[in-house]
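> In the working numbering, the protein residues as written are 990 to 1176.
1) Which whole runs of the alpha helix (DSSP H) in the region 1084 to 1119 are 4 residues long or more, in chain order?
2) Look at the Cβ atom of residue 1105, then the Cβ atom of residue 1152, and state whether they are nearer than 8 Å.
3) Mapping DSSP to helix, strand and coil, what is residue 1068?
4) Which term fits residue 1006, buried or exposed, when burial requires 16 or more other beta carbons within 10 angstroms of its beta carbon?
5) Please classify residue 1189 as buried or exposed, where buried requires at least 16 neighbouring CB atoms within 10 angstroms.
6) Taking a contact to mean a Cβ-Cβ separation below 8 Å, would you say residue 1063 touches residue 1076 in this structure?
7) At 4 residues or longer, what runs of the alpha helix (DSSP H) sit wholly inside the region 1009 to 1061?
8) Which of helix, strand or coil does DSSP assign to residue 1159?
9) First and last residue of the alpha helix (DSSP H) that includes residue 1138?
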């Protein structure tokens, strides 16, 4: 957990009004998932720190949220006297949440699976998440939002596995596929 002043700044950031999904609720859910799988991490402190910072900067219209979040984490790590290898790993973990490619490093796989755990949530929570994401993108015309949202969900469904770790495949994969298929079918 970050030191008190940094923690308060992070909590304030996650409570910003433009956040409906990328909020304190999401952060709390991620940290709860992490507690259950912490023992699987090679560098659990770094994974925890990356979870705290992975959505620290969030502008729904922004294209560099992860990079800005990683920069903020790095500034905090520099002030704390962290080593360069530690700083590099935290930066890479946060950038893995861009979801541009399946991560190959074990801690990144774990962190990304935690971030994507919402896809395999109970149907009511998944539906709430779906509404929350729409709220964050309410400025996008409905027809365009629906098309882009379908593309995103389809990209996850088209993967051989949504989750990289065996733990999340067993616990979340089937429900994630069912949730996204239901969302794509219009319910």
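Even for Gly, the Cβ is constructed at its ideal location relative to N, Cα and C.
This is what the structure holds:
1) 1095 to 1104
2) yes
3) helix
4) exposed
5) Since the first residue of the chain shown is 990 and the last is 1176, residue 1189 is not available in this structure.
6) yes
7) 1013 to 1026, 1033 to 1042
8) helix
9) 1131 to 1146
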